[in-house]
Amino acid sequence: MKTIMVTAYLLLNAKPGMENKIALKLNRMREVKEANVVYGEYDIIIKVSLPTMNKLREFVINIRKNTEIERSSTLISTRAK
279 MKTIMVTAYL LLNAKPGMEN KIALKLNRMR EVKEANVVYG EYDIIIKVSL PTMNKLREFV
339 INIRKNTEIE RSSTLISTRA K
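Our numbering runs 278 ahead of the 1-based position in the sequence shown.
As structure tokens, then:
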């Protein structure tokens, strides 16, 4: 039986100069598949994969506790069928 994972992208705004430090820290988390510094409206984009919506909620709440992150936006992804 194939396990269905919840995939989401988080768009983050960091305090000035903290982008690389945050992205490096995020890349070490098991839920994070990829974390990159980007230029434009957001500073960092991360792709996460978790087993349930509740686990995604917990992950997002935990990320938002980081005082170096000023704002976040979560985009939940689905596959086209």
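Where a beta carbon is used, it is the ideal one built from N, C-alpha and C, also for glycine. No experiment lies behind these values; they were computed from the predicted model shown.
So, under 8 Å CB-CB, residue i and residue j are touching, yes? Tell me the CB distance rounded to an integer number of Å.
i      : j      : result
GLU309 : PHE337 : 6 Å
ASN314 : ILE323 : 6 Å
So, at 6 Å on beta carbons, what are the nonlocal neighbours of residue i in its own chain, with the 5 sequence-adjacent residues on each side left out?
i      : result
SER351 : LEU289
LYS325 : TYR287, LYS311 and GLU312
Does residue i pass the burial test, meaning 16 or more other C-beta atoms within 10 Å, or should it be called exposed?
i      : result
ILE339 : exposed
GLU319 : exposed
ILE341 : buried
GLU348 : exposed
LEU302 : exposed
Based on DSSP bridge pairs, tell me the residues matched to residue i.
i      : result
ALA286 : VAL326 and ILE354
Leaving out five residues on either side along the sequence, give the residues of the same chain with a beta carbon under 8 Å from the beta carbon of residue i.
i      : result
VAL284 : SER327, LEU328, PRO329, THR330, MET331, LYS333, LEU334 and ILE354
Just to confirm my understanding: we take residue i, look at its own chain, exclude 5 residues before and 5 after, and list those with CB closer than 7 Å. What are they?
i      : result
MET296 : GLU346
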